[in-house]
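Position in the sequence shown counted from 1, then plus 129, gives you the numbering used here. Note that CB positions come from ideal geometry on N, CA and C, so glycine has one too. So the structure is just underneath, and the comments pick up after that.
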Amino acid sequence: MAADTPLWTPTQERIDAAPLTAFMKAAEAKAALSFSGYAELHRWSIDNREAFWSLVWDFCGLVGDKGERHLVDGERMPGASFFPDARLNFAENLLQKTGGGPAIVFRGEDKVERRLSWNELHALTSRLQQLFLTLGVKAGDRIAAMMPNMPETIAAMLAASSIGAVWSSCSPDFGEQGVLDRFGQIEPVVFIAPDGYWYNGKAIEVADKIRAVAAKLGTLRKVLIVDYLGTSQDVAATIDRAAALEDALSPFAAKTVSFERLPFAHPLYILFSSGTTGIPKCIVHSAGGTLIQHVKEHRLHAGLIEGDRLFYFTTCGWMMWNWLVSGLASGATLLLYDGSPFYPDGNVLFDFADAEKMTYFGTSAKFIDSVRKAGLKPIASHDLSSVRTISSTGSPLSPEDFRFVYDGIKKDVHLASISGGTDIVSCFVLGVPTEPVWTGEIQGPGLGLAVDVWDDDGKSVRQEKGELVCTKAFPSMPIGFWNDPEGKKYHAAYFERFDNVWCHGDFAEWTEHGGMIIHGRSDATLNPGGVRIGTAEIYNQVEQMPEILEALCIGQDFDNDVRVVLFVRLAAGVTLDEDLEKRIRARIRSGASPRHVPARIVAVADIPRTKSGKITELAVRDVVHGRTVKNKEALANPEALELFRDLPQLAS
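Take a look at the structure:
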């Protein structure tokens, strides 16, 4: 396909039906202007943030008292205050819908399938709310969950936020120290965990881990064990202060959920940085900022309408879980999947999409790449006619995988590559359903977000690589970090590089179409000969080769310079011989540039990754340089780090 031809262009019918189009008309009426397209709407949204965010509140039907002031100290970052007079409750906004229609459809691999209607979700939330109140939980208290992505997790979060308690979660595959590194900092009063979980067809028991964690969380009043494997009562009996959730809820009959309306900036979530360079940072997000940012992204960028069936493959330790759950505020049915996305084989998520008439299919770039490399063709094997949008995040989606979505999954679909992070519990750049999709490009900046790319001197650059920044305050900026009373850690994380400007830590580039390419994390960029290059540019080349399953690239300090070192995990039966090395280098030289060609190529049996599946270049770089990796608990497979220690290939 020619580079000057889009992969997909929305029909006029789709453009007319998009909520974004209706919003643009509302903005035109409000501003007494006429917008020629998305770019002009975006410019208005950042030049007139007060009017824009007020319109988002009204258009998306937020429940609460908006207040007279919509933005105070808007030029300060941090320090701006959105809707300072507003009162709202996050859970009230997510539980607007009632009735017998499906709110949640849950699959735990092929072992468990359950459905909750809206009324059943209200009832479960009500009973959990009553339980929490009986335990003395009040606004500002923390409730921590080490849980699978299942209905009880969502109901418990809703119950917590209905009171104004602060919710924090991770997935049950975290190690004991990884859980304590997170929850030990925030002193929760309630700890929620499962009796176990299913992964790859196996029952994984976690009773010993719960017992060890609970014993070290001295602020706990109660441990609640959720039934998943059928052993919750047995597990609870072995843990101090514990009860099976079904037993703890037994005294409470469902009634109408009560909602405490609190300030816009009241804390809702504590999320954690991946923590591969030290103990995880505790990032505090507000109820109002999270809500208004998520409904904006869901309604306008994802095109969600009431009755849609929203899916994102995620665990409760990744911010995409928080993003997914907010879909309830748009009246969408949430499709939850917990377990391996390849059990019993790579078709399982497409089976789910087909059976449940999924409309929004969210996954990771790695999953799409794995489906392509496995030779699967869902376009031929599954009915995906209901799917309007396929979304990808977690790492940059390669141009090859952009094309594969259309060739191998579905031809007429909006492919929304999105990028943001835990830091903002949302996206800086993402899908625009009224615009074309170009190979390898994220479509555009989020409305209301003054996103740009700056060079080292703080100058805006186009079609040139630089730092991803946001030059104006936005509602989903963190309130701050936990246990950082003077805000020093918070300021150092985002505002040290450029004064009063959010520096996100991504290496990015604007395209000629007004879209964006993310070239990897800034702190993982390579600097051979003093020229910065992005690791994603190398991955885009080598991971197209059938011999290579996965790659990881670092810069090694060597001979008073930095040399590029490429690690490759090879397909079964493949050996890294002289011929393959030669072909890898030729591929990178022609597809990227001579500067990208690695000085050393090393085959490894495994590549370390975080719990959310991201490869961890920084940890490997530390091992290669003989430095201590500070927090191996953040990794899904920490043992893989040993494969990179004292390698003879890197000694000379």
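- Rounded to whole angstroms, what's the CA-CA distance from residue 254 to residue 387? Just pull it up for me. Taking the sequence shown and counting its residues from 1, one reaches residue 254 at position 125. Taking the sequence shown and counting its residues from 1, one reaches residue 387 at position 258. Those two C-alpha atoms are separated by around 10 Å.
Checklist line | Terminal residues of the beta strand (DSSP E) in which residue 272 lies | finding: Mapped onto the sequence shown, residue 272 falls at position 143. Counting along the chain, the beta strand (DSSP E) containing residue 272 begins and ends at 271 to 275.
Rounded to a whole number of angstroms, what is the C-alpha to C-alpha distance between residue 429 and residue 149? Within the sequence shown, numbered from 1, the residue matching residue 429 stands at position 300. Within the sequence shown, numbered from 1, the residue matching residue 149 stands at position 20. Taking the straight line joining both Cα atoms gives about 5 Å.
Worksheet item: By a C-beta neighbour count over all protein chains shown, 10 Å radius and 16 as the cutoff for buried, is residue 771 buried or exposed?
Response: The count along the sequence shown starts at 1 and reaches residue 771 at position 642. Burial call: exposed.
Using the Cα positions of residue 741 and residue 467, report the straight-line distance between them to the nearest angstrom.
For the purposes of this step, residue 741 is taken as residue 612 along the sequence shown, with counting starting at 1. For the purposes of this step, residue 467 is taken as residue 338 along the sequence shown, with counting starting at 1. Taking the straight line from one Cα to the other gives about 13 Å.
Next on the checklist: So, for residue 367: in the same chain, excluding its five sequence neighbours on each side, which residues have a beta-carbon less than 8 Å away from its beta-carbon?
Outcome noted: Here the question's residue 367 lines up with position 238 in the sequence shown. The answer, listed in chain order, is 336 and 340.
Segment limits, beta strand (DSSP E) that includes residue 637: Here the question's residue 637 lines up with position 508 in the sequence shown. Residue 637 -> beta strand (DSSP E) spans 631 to 639.
| Can you tell me whether DSSP reads residue 744 as helix, strand or coil? | Residue 744 sits at position 615 when you count from the first residue of the sequence shown. Residue state, collapsed to three classes: strand.
task: Spell out the partners DSSP gives residue 422 in its beta bridges.
output: On the sequence shown, residue 422 is found 293 positions in, with the first residue counted as 1. Residue 422 pairs with nothing; no bridge assigned.
key: Run of the alpha helix (DSSP H) containing residue 623, from where it starts to where it stops   = As a first step, residue 623 must be located in the sequence shown, where it is residue number 494. Unbroken alpha helix (DSSP H) run through residue 623: 617 to 623.
Next item on the list: Output the boundary residues of the alpha helix (DSSP H) element that contains residue 449.
Entry: Against the sequence shown, residue 449 aligns to sequence position 320. It spans 448 to 454 - the alpha helix (DSSP H) in which residue 449 sits, taken as one unbroken run.
Residues in the same chain with beta-carbon distance under 8 Å from residue 582, minus the five sequence neighbours each way, listed in chain order, please. Position 453 of the sequence shown holds residue 582. Excluding residues within five positions, the ones whose Cβ falls inside 8 Å are 589, 590, 591, 593, 594, 595, 596, 597, 598, 637, 638, 639 and 645.
Contact belief for residue 493 with residue 522 at Cβ below 8 Å, rounded distance in angstroms
Position 364 of the sequence shown, counted from the first residue, corresponds to residue 493. Position 393 of the sequence shown, counted from the first residue, corresponds to residue 522. Right, their Cβ atoms sit about 7 Å apart.
Alpha carbon of residue 602 to alpha carbon of residue 420, nearest angstrom:
Locating residue 602 in the sequence shown gives position 473, where the first residue counts as 1. Locating residue 420 in the sequence shown gives position 291, where the first residue counts as 1. So the two alpha carbons sit approximately 16 Å from each other.
### Task
In the DSSP assignment, find the beta strand (DSSP E) that holds residue 235 and state where it starts and stops.
Within the sequence shown, the letter at position 106 stands for residue 235. Where residue 235 is concerned, the enclosing beta strand (DSSP E) stretches over 231 to 237.
Going along the chain, which residues of its own chain have a beta-carbon closer than 8 Å to the beta-carbon of residue 130, five neighbours each way excluded?
The residue given as residue 130 occupies position 1 in the sequence shown. Reliability fails at residue 130, whose pLDDT of 37 lies under 50, so the model's placement of it is uncertain and the value that follows must be treated cautiously. Closer than 8 Å at Cβ, skipping near neighbours: 136, 532 and 568.
Assign residue 459 to one of three DSSP states: helix, strand, or coil. Numbered from 1 along the sequence shown, position 330 holds the residue referred to as residue 459. In the structure shown, residue 459 sits in a helix (DSSP, three-state: H, G or I).
Distance between residue 736 and residue 743 (C-alpha atoms, nearest Å): For the purposes of this step, residue 743 is taken as residue 614 along the sequence shown, with counting starting at 1. For the purposes of this step, residue 736 is taken as residue 607 along the sequence shown, with counting starting at 1. So the two alpha carbons sit approximately 10 Å from each other.
Following the continuous beta strand (DSSP E) through residue 642, name the residue where it begins and the one where it ends.
Residue numbering aside, residue 642 sits at position 513 when the sequence shown is read from its first letter. Segment: none, residue 642 is in no beta strand (DSSP E) and carries neither H nor E.
Problem - Nearest residue (CA-CA) to residue 448, options 555, 385 and 730 - result: Here the question's residue 448 lines up with position 319 in the sequence shown. The option with the nearest alpha carbon to residue 448 is 555.
- Query: Going straight from the alpha carbon of residue 724 to that of residue 417, what length do you get?
  - Reply: As a working mapping, residue 724 is identified with position 595 in the sequence shown. As a working mapping, residue 417 is identified with position 288 in the sequence shown. C-alpha separation (whole angstroms): 46 Å.
From what residue to what residue does the alpha helix (DSSP H) around residue 157 run?
Along the sequence shown, read from residue 1 onward, the residue named residue 157 stands at position 28. Segment 148 to 160, the alpha helix (DSSP H) holding residue 157.
Only counting the same chain, and skipping five residues up and downstream in sequence, which positions put a Cβ closer than 6 Å to that of residue 613?
If you number the sequence shown from 1, residue 613 lands on position 484. Only 619 meet the Cβ criterion.
- request: Express the C-alpha separation of residue 456 and residue 524 in angstroms, rounding to a whole number.
  value: Walking along the sequence shown from the start, residue 524 turns up at place 395. Walking along the sequence shown from the start, residue 456 turns up at place 327. The straight-line gap from Cα to Cα measures roughly 22 Å.
Q | Buried/exposed call for residue 672, threshold 16 Cβ in 10 Å | A | The residue given as residue 672 occupies position 543 in the sequence shown. Buried, by the Cβ-count rule.
At a cut of 8 Å, does the region 506 to 517 reach the region 268 to 280 through at least three beta carbon pairs? no
Using DSSP bridges, identify the partner residues of residue 441. The residue given as residue 441 occupies position 312 in the sequence shown. In the DSSP output, where bridge partners are listed per residue, residue 441 has 491.
Fill in: Supposed contact pair residue 297 and residue 312 - C-beta distance, whole angstroms, cut 8 Å
For the purposes of this step, residue 312 is identified with residue 183 of the sequence shown, where counting begins at 1. For the purposes of this step, residue 297 is identified with residue 168 of the sequence shown, where counting begins at 1. 7 Å between Cβ atoms; contact.
- Query: Using 8 Å as the Cβ pair cut-off and three pairs as the minimum, do the region 509 to 516 and the region 652 to 670 touch?
  - Reply: no
Under three-state DSSP, which class holds residue 131? What you label residue 131 is simply residue 2 of the sequence shown in a count that begins at 1. Any reading at residue 131 needs caution, since the residue's pLDDT is 45, under 50, leaving its predicted position unreliable; the model's value is listed next. Note: residue 131 maps to coil in three-state DSSP.
I need the DSSP call for residue 588, collapsed to helix, strand or coil. Along the sequence shown, read from residue 1 onward, the residue named residue 588 stands at position 459. The answer is coil: DSSP assigns residue 588 none of H, G, I, E or B.
| said: So for residue 328, helix, strand or coil by DSSP? | reply: Numbered from 1 along the sequence shown, position 199 holds the residue referred to as residue 328. Residue 328 falls in the strand class under three-state DSSP.
Please return the same chain residues whose Cβ sits closer than 7 Å to the Cβ of residue 564, not counting the five positions on each side in sequence. Along the sequence shown, one-based indexing puts residue 564 at 435. The residues are 167, 572 and 573.
- prompt: In this structure, what does DSSP give as the bridge partners for residue 571?
  reply: Indexing the sequence shown from 1 puts residue 571 at position 442. Per DSSP, 645.
ask   = Buried or exposed: where does residue 162 fall if 16 or more other Cβ atoms within 10 Å of its Cβ makes it buried?
value = Within the sequence shown, numbered from 1, the residue matching residue 162 stands at position 33. With fewer than 16 other Cβ atoms within 10 Å, it is exposed.
Do residue 442 and residue 487 have their beta-carbon atoms positioned less than 8 Å apart in this structure? As a position in the sequence shown, residue 487 is number 358, starting the count at 1. As a position in the sequence shown, residue 442 is number 313, starting the count at 1. Cβ atoms of residue 487 and residue 442: not closer than 8 Å.
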